[in-house]
Each structure stands twice: as structure tokens, then as C-alpha cells.
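First up is the structure itself, then whatever we jot down about it.
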Amino acid sequence: MAEFYSVLLTTVWLPLVLASYYFHEPSRIILKPDPLKDHDTFGFSMGYQDGNASLIVGAPQSNLIGKVFQCDLEDILKNRAEFCNDVNIDVDNLAPYNRNYTPNLKFNLGASIAVTSDYFFTCAPLWTTIPINNPSKNFSYGTCFTYNGTAQRYSGLIENHQLNPDSVHPFNIMFGGTGWRTLIDEVNEMLLVAKVALVGDVVYMNSSNPLEKVRSLVAKSKDTNTDLHREYLKNYRLFGNSIVAGNFFDNGMVYYAVSAITESMEGIVHFLKARFSKSEKNTKKIYMQKASSRSGVARSKKKYIKITDNTVGSMFGAAMAAADLNNDGVSELLVGAPAQDGQESGSETGAIHIYLGGDISSINENYRHREIVSSKDSSRFGSAIAATDVDADDLPEIFVSAPYEDDGVGAVYILSGYEINKTLINGEKYKRIDLHKLRMIQTISMKEFKTFGYSLQKIPDSNDNGCDELAIGAPGSNHIVLMKCVSAVNITVSANLVGAKIVQEQDSNFTVKVCVSVKHLKGKNFSIELKASNEIIGTGAMIEVPQTNFQWTITGNTKEEIRCEDVVVRLNDNEPGEYSFSTKVEMDEEKIKKSDNFNESWVMVSPQSLMDFNFEVSRHCTGRDCDPNLNVTIEWTVSDYYQLGTSDTLSPVLQVFNSGNSSFESCVLVHVSGAPVSQIGCGDKSDGYKCYMPRPLRRNAMHTIPIVFNVSQPTNQQKELRIQVSLFEFCNQPNVKEFEFVLPYKVDVDKIVLKSSGHGQTISDVEIKDVREESINDAHEYLIVNEGPVTWNDINLMIAIEKRPFIQTYRVSTYGCKDISNDQSALFECSLNLRPHAIVKVIATSVIQKSKIVENLKDGKLQVASHLTLSLDHNNTVVRKTNLTTFIIWQKELSLAQNKQLIIFLAVLGALVALALVIFILYKMEFFKRKEKTRLDALKKEHIRRKSIKRTMSEDANEEDLDMEVEDDSPFEIVDMSDPVLQQESKL
Ligand SMILES: *[C@@H]1O[C@H](CO)[C@@H](O)[C@H](O)[C@H]1NC(C)=O
Ligand SMILES: *[C@@H]1O[C@H](CO)[C@@H](O)[C@H](O)[C@H]1NC(C)=O
Numbered sequence: 006m007a008e009f010y011s012v013l014l015t016t017v018w019l020p021l022v023l024a025s026y027y028f029h030e031p032s033r034i035i036l037k038p039d040p041l042k043d044h045d046t047f048g049f050s051m052g053y054q055d056g057n058a059s060l061i062v063g064a065p066q067s068n069l070i071g072k073v074f075q076c077d078l079e080d081i082l083k084n085r086a087e088f089c090n091d092v093n094i095d096v097d098n099l100a101p102y103n104r105n106y107t108p109n110l111k112f113n114l115g116a117s118i119a120v121t122s123d124y125f126f127t128c129a130p131l132w133t134t135i136p137i138n139n140p141s142k143n144f145s146y147g148t149c150f151t152y153n154g155t156a157q158r159y160s161g162l163i164e165n166h167q168l169n170p171d172s173v174h175p176f177n178i179m180f181g182g183t184g185w186r187t188l189i190d191e192v193n194e195m196l197l198v199a200k201v202a203l204v205g206d207v208v209y210m211n212s213s214n215p216l217e218k219v220r221s222l223v224a225k226s227k228d229t230n231t232d233l234h235r236e237y238l239k240n241y242r243l244f245g246n247s248i249v250a251g252n253f254f255d256n257g258m259v260y261y262a263v264s265a266i267t268e269s270m271e272g273i274v275h276f277l278k279a280r281f282s283k284s285e286k287n288t289k290k291i292y293m294q295k296a297s298s299r300s301g302v303a304r305s306k307k308k309y310i311k312i313t314d315n316t317v318g319s320m321f322g323a324a325m326a327a328a329d330l331n332n333d334g335v336s337e338l339l340v341g342a343p344a345q346d347g348q349e350s351g352s353e354t355g356a357i358h359i360y361l362g363g364d365i366s367s368i369n370e371n372y373r374h375r376e377i378v379s380s381k382d383s384s385r386f387g388s389a390i391a392a393t394d395v396d397a398d399d400l401p402e403i404f405v406s407a408p409y410e411d412d413g414v415g416a417v418y419i420l421s422g423y424e425i426n427k428t429l430i431n432g433e434k435y436k437r438i439d440l441h442k443l444r445m446i447q448t449i450s451m452k453e454f455k456t457f458g459y460s461l462q463k464i465p466d467s468n469d470n471g472c473d474e475l476a477i478g479a480p481g482s483n484h485i486v487l488m489k490c491v492s493a494v495n496i497t498v499s500a501n502l503v504g505a506k507i508v509q510e511q512d513s514n515f516t517v518k519v520c521v522s523v524k525h526l527k528g529k530n531f532s533i534e535l536k537a538s539n540e541i542i543g544t545g546a547m548i549e550v551p552q553t554n555f556q557w558t559i560t561g562n563t564k565e566e567i568r569c570e571d572v573v574v575r576l577n578d579n580e581p582g583e584y585s586f587s588t589k590v591e592m593d594e595e596k597i598k599k600s601d602n603f604n605e606s607w608v609m610v611s612p613q614s615l616m617d618f619n620f621e622v623s624r625h626c627t628g629r630d631c632d633p634n635l636n637v638t639i640e641w642t643v644s645d646y647y648q649l650g651t652s653d654t655l656s657p658v659l660q661v662f663n664s665g666n667s668s669f670e671s672c673v674l675v676h677v678s679g680a681p682v683s684q685i686g687c688g689d690k691s692d693g694y695k696c697y698m699p700r701p702l703r704r705n706a707m708h709t710i711p712i713v714f715n716v717s718q719p720t721n722q723q724k725e726l727r728i729q730v731s732l733f734e735f736c737n738q739p740n741v742k743e744f745e746f747v748l749p750y751k752v753d754v755d756k757i758v759l760k761s762s763g764h765g766q767t768i769s770d771v772e773i774k775d776v777r778e779e780s781i782n783d784a785h786e787y788l789i790v791n792e793g794p795v796t797w798n799d800i801n802l803m804i805a806i807e808k809r810p811f812i813q814t815y816r817v818s819t820y821g822c823k824d825i826s827n828d829q830s831a832l833f834e835c836s837l838n839l840r841p842h843a844i845v846k847v848i849a850t851s852v853i854q855k856s857k858i859v860e861n862l863k864d865g866k867l868q869v870a871s872h873l874t875l876s877l878d879h880n881n882t883v884v885r886k887t888n889l890t891t892f893i894i895w896q897k898e899l900s901l902a903q904n905k906q907l908i909i910f911l912a913v914l915g916a917l918v919a920l921a922l923v924i925f926i927l928y929k930m931e932f933f934k935r936k937e938k939t940r941l942d943a944l945k946k947e948h949i950r951r952k953s954i955k956r957t958m959s960e961d962a963n964e965e966d967l968d969m970e971v972e973d974d975s976p977f978e979i980v981d982m983s984d985p986v987l988q989q990e991s992k993l
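With the first letter of the sequence shown counted as 1, position 965 gets the number 970 in this note's numbering; the numbers rise by one all the way through.
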């Protein structure tokens, strides 16, 4: 039982883009006979004559004799001729006939056509005549003619018989059929004519001299072989039903495969060969190929080499062709069986059988047998077979017709040699394939015709585009369709990485060079439009849109044409990865298929082409690049320095950047000084803040660590913010990289303002003489105002009062001062803390001895001078200094009692001062109610102290001046630094 082979066709080894178009249908040319000439079955047979580029066409049913037409293809292709002309073969004169008994018998002239470059040979197989030796009978012997401008009758079997009736076996001559099939073997220069009759014969002659001596396979001759042949062939019918020449066996010789049917209607094929006769030197004779005598099988049965098909009534052998389907130098034999029934259903669906060429003795073995079957009912697939390589791959395409398909419309199938070789030919088993499961197939069928494909004839390349044209006969509608072939180019697509053949993790892209090479295997001009689409598969990789597709129009001729384009693949990450790049090239076949006009430069894609290409790209690190490479930077939110007091927080961001391979185990340890941390996203450890990096910290990734510092209580002693970072690429290993970031602080010294006030006073004789007080005071008052937000600690303060002989004592109101007086000055050095928005008042008091006033007067006055110096930073680079000089003027005048006006004035003044004091106290108490209790207490004390200070001042000390400087609603808080308790507080 035969193994069914359809399973193989479902596999995917066939290339994605299949050339399945071989002949251009829209530009077909219809050949027809001159309509004025009587004709019928035009296209029943065909032959191509090279010398004059004409197609010789038989129309055997034209009138009672039959006709042959000549189509001048050159003229027809160039639109110079419309019709084929009939060839004048004057049968009446060349071969007189007798119609007495069969008046309506059609002689079928043109039933077969064989062509050489010098002449064509055509036969009328039912031509009828009366044998000379038997005038009472007429026989349809058939006869043939040569034509090379004039027609001549060949001197064939009938002639031999008429002249020498004994030479022919009587059985052999009874029924006609000479020339239903003819064959020219150019290698051996033989012309074979089959006499397809009840008992057949093959007659043959030298093809270069067809009118001379004719020999017969079976007719009596000196060669005893003919008798053997005759005896043997008696068992077969329709011997010569078709004949085809080919080198079917691996001995380099040409054989003629001749089909017949057995008495039981089975198909059979014998092989004939031509060789020089032993008896008649220099004469080539044709013998039937005998089986080797070594085969040991009874010779009577296995006498001759033959192929048998045991299907009854399949018309096995109705058509045959030879073609080397696997390009091994040996022809395969293709045998049509158009009346073979379908496998499951259908009658006369048809089939072709393929017998693999090779060893002669096993030609009929099952493993050499292949089969292509149709499943279309009554289509008679296999009625005509031809083969030629269209797509230039050296594997011939097979043309098979099914002339009765579709209710007699007919169809021609063009089977890809590539696909047939791939699916069917190879292997050691019998295989059968369903025609309709072939994928690389072109089916041509034209509804306007009848029996389209009844005959097939390849026409040598008429337009020099590298492949043969095809003529398809439709004798049922008296037409031949000529189709131009579309040749093929071999296309190879490739894609490669450009430059260094490596993609690294830090690369942001790589470039692929996509190339296409196009070559016409027959070296012809071509032009092809190709579209390439590129694709990358892999995480984070992409091709930007314009580069995903290319359009190429490539023209060329003999040499290989190469076009390349660069495709940039963008990589969106820095990870190791595997990518798959693929390119697929396609051609737009539809454009060709739809165009009405034929263009010689058109090509299809040969099936051997590689239309897609795929390669893997591996992206990884190399060498030191495989290590992580971390670095720490900082982003301050401020510029080069920080102005203390401008904000409550400082929020720098630490940035850990990895420019190396992914890091899985890194961490940092952060130490800070210069401000307390109020927020950091890291673990607090005794020795710093430990922050683990994300796992992994990928290449070119950055991890940020925001830190918030509390700088809401700045002091002038803060110099800088310092952040130290220890970076561990592996947390558990000692290897460490150190980083240090410093932000200097600045403090605005201008916010410390120094003010001074002092008042001269007038002293009269009366006062000097008043013995109740020995001295008077002269007060110099300094205000140190902190207008800014920064707490100033340890401000160095120096108060100097110039020494005078009339000054008894020098005093400074501030606590904690060192007296470092010298000869010139009473000098006090103090340390001062000044909170934001605080005022410190320092009073330098000179106690003047009344008794010494007069003697020290200069120009009637005494001069008291002091100055205060503040050093606002540790290096004394910023120094504030202010001087104050007051005068005491002596007034030698009326005594107080004598001056009533003065008394009144003083009294009024005293009352006003007292009143102001009371209002001030009341007001201040009111104001302090709003403050915290501690403050209130402190300031109450201060008030008391202030009074005590005032007591030390001269009676007309300018309370008003002071109070005006320190406004009631001023934000300043007056701090008297003479209080040790407060001093302690402000230092905190
Ligand atoms: C062509 O036919 C003529 C007779 O008409 C004959 O003499 C001549 O040899 C033939 N030529 C060829 C090439 O067969
Ligand atoms: C025919 O097909 C076989 C199997 O696929 C392959 O090995 C061989 O190369 C083909 N022959 C030609 C000429 O392509």
C-alpha cells in the first residue's frame, strides 16, 4: 500500500516568500488561424521551429483532411501579424486516397508535428488508401509529410508494404494510425513515427534525411530482432501512444520511452534505444531495451525493460515528458494518466507518475515511483506535460494540463521544480502528493476557452529575459495562448552588526547593516522593487520608525547587485540583554500580476532566495566594565555658601551614581557636622547614618539620599556644614571610597548695629557747692542691636573711657568685664552674647568729683570721651567702633534760689519726668502681659534695674532719648547684660 505523503506539506520548511508566478497572464497573446480559412481543432498539436521563429500548429479536424498552420511569432509578437497562416500540403496530389468506403473519415492531417530547423514533419494518421495487392479492401494506414517551404510525402511503412507486402506482419497493417505521435531525437539524428494501432510499430529514419530509407521496429528485415519485437509487441495495444526521449538511465544514452496499454487495459512503458546495427554498418537501428540476462528471472516474462501501471483504464501513458527534476544529470520520466480515478472519489481526475532516473534495472521499482494526483472530477489532469526551468534554479518547472477541468474549460498547472524536488523527489520511498496541496503553483485557466491545455509547447526565450515562453493549445476553441515568462533573481538578505562586533551595556544604541544581494542567474537585465522590514525583539530595544522599513528599487544585469542600509537600534536601558534582530524582504508580486503590459526586466524571487535573516545580539560587559563603579555627588539647594538665618532647614541631596555594572550590595555611611539632621532616609547608627542602595543599583542609575538639616537656630560660631560619606561597593567588605562635602556658612555682620548716646550737662556754682553730693555722673550709653536672626555668642566688646583728672571713678554697666585699664584709658574688655533681635545697652559712667571741676575747666567745660569697639568675628577682621564725647559746661550764675524762673522750670520739668515715668511703667506692664511669664519676670527685673541705672545717672539724663530709640512696638528686646542670670541664658 502506498504511503500517502501529504503530511510533509504541512511542515514549514518552505521559504516564506514563494515564487509562484511564472507566466504573465494579462499580457497573453492569442494565436488564431486566419478566420477566412476553414479550420477546426486549431491547437491540437504544436511544434516550434527555431530558424524562422514560428509555431507550427495542427488543426486535424479541419475539413476532411486536416490542416497545419504556421504562426510567425516574431511578427505576431511585434503586432505585425494577427493570424497564423495555413501551410499548403497538397494531400490530393502527394498522397492520393480512396474514400469509397469511408466517405466522411477525417484524415487528421496535423495530428502530430515534429520540427527540426530545416523542416517540420506532420502526419495524417487516418489517411486511407487501397493496398496494391488487395484492391478490394481499403485501410486507414496513415501517412506523413515533410515541409520546408514545399511539402513532400515521406516514404514510410505503407510504401514499403505496397511494394513488398510480405515484409509486414499481416496483423500489423490492418488498422491505421501512422503518425499519431512523432519524435525527433536531435542527439541521434533520428525521426520516430509511431504507428498507433491494434498492433503498433515505430518506424524511424535519419532525421536529416527524412525522405530516404525508413525502418521499422517490427517489419521484417535482415535483423532478426524485428521478429522478436513483433512477437513481443503483439500483446500490447496502442504502442506508441506517446513517445519521449531522455537519458533516463545513468549510462549517458538517449532512450525513447514508448507507452502502450496491455490487453487488460493497464498502462505500460517500454524503452527503446538507437545503436549502430551489427549487420548494417553505419546504420543506426532502434532496439527495445532488454532486461539484463543476469536477472535470472524467466526471460519470457522479464524480457524487456518496462514500467507497468496496473490501474485499468487510466490512460497511463497518454502523455509523457522527460525532465531532470533533481538536477542529477539523469532525466526523470513523467507519465500522464489522465483517466486515472481519484483516490477517494472522482473519476478521470487524472495524475502524473514520475519515475526517477537512475539504474536501468530497477526503473519499475516502487521506490523510484512518485505520483501527483488531482482531485477535480473529470479534469483529465495529465493530458499534456512539458517542463522547463523558468525561475533559473536549474530545477525545471513542470507544466501539466487538465484540459477538461471545469466542464471542459481546462487548466494548466505550473508546478515549481523547487517544490517538487523538496517535497516529492527526495527519499527512498514511493510518495504521492495531492496537486492541490502544492503551494508554489500557478494555475492558469481561461474561461473563454474550451480544452485549454490540450497541448503544451515551450517557446525558447523570445525576449531575452532568461526563460522560455509557453504556448497553450485550446483546440476546443481553436486558439493558442502564448504567455511570456517572468524570470527570477536570487536574493540573499543579510544583516550584521556594524563596527566592533560587540554591544556593551552602556551603549545607547547599535547599528545593523542590512544588505540585500540580487543576482539574475541567467545574467539578464532586471529591475525589482523590494521592501525590507526590520524588527528587533528584546527588552528596551527599538528601531525608530523610518528605519523599520526600506524600499529598494534595484536594477542590474550580469553582476550581483548589493544594496545596504544601516539600521540604528536604540537601547533604552543599560542592562545586559539578548536581542533578536530580523529582517524580512518582500517583493510586491501583485504589481506585476496586475499590470497589463509586459516588461522584460520583471523578475520574481527565486525559491532558493533567502528573504529573511535573523541574528542574535548579545549585550554584556567586558573586563573591568563588569564591575560596579559608584560615585557620590551632592546637590546643595543653595549656591556656594549658606547665609545663616535665611531658612529653617537646609536640604541637600546626596546622589550615588553607578557608571559601572549593576551593583547589588552597595551602601553608604554618612556623617554630618555643622547642623543637626532632622530627616534622612537611612538607618541611624552610632557611627553615622547607614544607607543601603537599591538592589540592584543598575548601570547609569542614580540613587538619591535627601537630608534635611535643622538650621533654625543659627549662631555666629557655626562655620560650615560638613557631610562625609563612606561608600562601600560591597557593604560587608572593608573597601571604601571617601567623599566629603562642605558648605561654608556666612553671617551678615551688618545686622549688628552699634548706636551711642551721651548728653552734655551744665553745672552751676550752686550745684558744685551743694555738699550733699560729692560727685556728679556723666553717662555714655551704647546700644548694640542684633537686627538679624543669628545668635551671636562671645562677641568681644571693648569699652574705653579716656582718663581725666576730674574723674574719680570709671564704671561699666555690663557684667563680666575685665578691667584692663592703662594710663590713658579706663579699659574694660567684655564678652557678649546677643540673641536674635536683642539689644544690649552698655553704659559707661564717669563719676566726676565736684571739687575738681573748676580747676580742670578748659574754656569753661570739661570733656569726657569714651569709645566702644566690637569684634564680630574671631579673627577680629570685622570690627565695629564708635566714639562718644560729652561736655560738662560750668555756669557761674545765679543761685538756684535767686532764679525763680529756673526753679519753676525745674519743677515743671521734674513733674513731667515723673509723669512720663509713670506712663511708661504702666504701658510696659500692659505690654508684657502678652508675653510669657518668664519674660515678664525678667523684664520686671530689668525695669527695676533700669531705675537703679537711672539713679546712677545725672538727674537730667535723657530718658526720653533712650525710650525713643527703643520704640514700644519695636521687635527688639532690650537685654541688659549686667545681669549674670541673663548672660547665662543667652549663652545657651
Ligand atoms: C526542401 O525540399 C526540397 C524539395 O522541394 C528538397 O530538394 C530540399 O532538399 C529540401 N531541403 C531540406 C533542407 O530538406
Ligand atoms: C532537492 O531537494 C533536496 C532535499 O531537500 C536537496 O538536498 C537538494 O539540494 C535539492 N536539489 C537541488 C538541485 O536543489
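For each residue, glycine too, the CB sits at the ideal point set by N, CA and C.
Pairing methionine 592 with leucine 535 gives a Cβ-Cβ distance under 9 angstroms.
Non-local C-beta neighbours of asparagine 798 in its own chain, meaning closer than 7 angstroms and more than five positions away in sequence, comprise Thr720, Asn721, Gln722, Asn838 and Lys992, ordered along the chain. Cβ-Cβ distances below 7 angstroms link leucine 922 to nothing in the same chain once the five nearest sequence neighbours on each side are left out. Rounded to whole angstroms, the gap between the alpha carbons of glycine 415 and serine 384 is 7 angstroms. Beta-bridge annotation (DSSP): asparagine 715 is paired with Thr654. A distance criterion of 8 angstroms places the beta-carbon of asparagine 495 beyond contact range of ligand 2, judged by its closest non-hydrogen atom.
If only uninterrupted beta strand (DSSP E) runs of at least 3 residues are considered, those enclosed by the region 42–102 are 50–54, 59–64 and 72–77. In this chain, the alpha helix (DSSP H) harbouring arginine 235 covers 230–238. Within the region 562–617, complete alpha helix (DSSP H) segments of at least 4 residues are found at 594–599, given in chain order.
Beta bridge pairing from DSSP links phenylalanine 892 with Gln868.
Under the three-state reduction of DSSP, glycine 765 is assigned to coil, being neither helix nor strand. Inside the region 731–767, DSSP marks whole beta strand (DSSP E) runs of 3 or more residues at positions 742–751 and 757–763, from first to last along the chain. Rounded to whole angstroms, the gap between the alpha carbons of valine 673 and isoleucine 804 is 52 angstroms.
The residue among Met547, Thr148, Thr121 and Glu402 with its C-alpha nearest the C-alpha of asparagine 113 is Thr148. Close to ligand 2, as judged by a C-beta nearer than 5 angstroms to any of its heavy atoms, are the residues Asn332, Asn426, Lys427 and Asn431, in chain order.
In this structure lysine 596 is exposed. Its beta-carbon is surrounded by fewer than 16 other beta-carbon atoms within 10 angstroms. Annotated as distal: glycine 458 and serine 532, with beta-carbon spacing of 9 angstroms or more.
In the three-state reduction of the DSSP assignment, tyrosine 106 falls in the coil class, being assigned neither a helical nor a strand state. The region 126–133 makes contact with the region 147–161, as at least three CB pairs between them are under 8 angstroms. Taking 8 angstroms as the upper bound for CB-CB distance, leucine 443 and glycine 422 are not in contact here, some 12 angstroms apart. Bridge partners of arginine 809 according to DSSP: none are assigned. Classified as buried, glutamine 447 has 16 or more neighbouring CB atoms from the shown chains inside 10 Å of its CB. If you ignore the 5 residues before and after glutamate 743, its C-beta comes within less than 8 angstroms of the C-beta of Gln729, Val730, Ser731 and Leu732, all in its own chain and listed in chain order. Put simply, the region 372–380 does not touch the region 262–272. Fewer than three CB pairs are less than 8 angstroms apart.
In the DSSP annotation of this structure, the continuous segment of the beta strand (DSSP E) that includes tyrosine 152 starts and ends at 148–152. Less than 9 angstroms separates the beta-carbon of threonine 588 from that of valine 519. Here the alpha carbon of phenylalanine 254 sits roughly 11 angstroms from the alpha carbon of lysine 278.
Rounded to whole angstroms, the Cβ separation of glutamate 549 and valine 573 is 7 angstroms, and the two are in contact under 8 angstroms.
Sorting Cys89, Asn579 and Gln718 by C-alpha distance to the C-alpha of isoleucine 35 places Cys89 at the top. Looking only at Lys37, Met195, Gln906 and Asn888, the smallest Cα-Cα distance to valine 207 is reached by Met195. When the beta-carbon positions are compared, phenylalanine 811 and lysine 774 stay at least 9 angstroms from each other. Under the DSSP assignment, isoleucine 312 falls in the beta strand (DSSP E) whose first and last residues are 311–317. For asparagine 371, the secondary structure class from DSSP, reduced to helix, strand or coil, is helix. Comparing alpha carbon positions, the residue from Lys527, Thr497, Val913 and Val622 closest to glycine 543 is Val622.
Alanine 326 sits away from alanine 397, with the two beta carbons spaced by 9 angstroms or more. When beta bridges are read from the DSSP output, tyrosine 647 appears opposite Tyr750.
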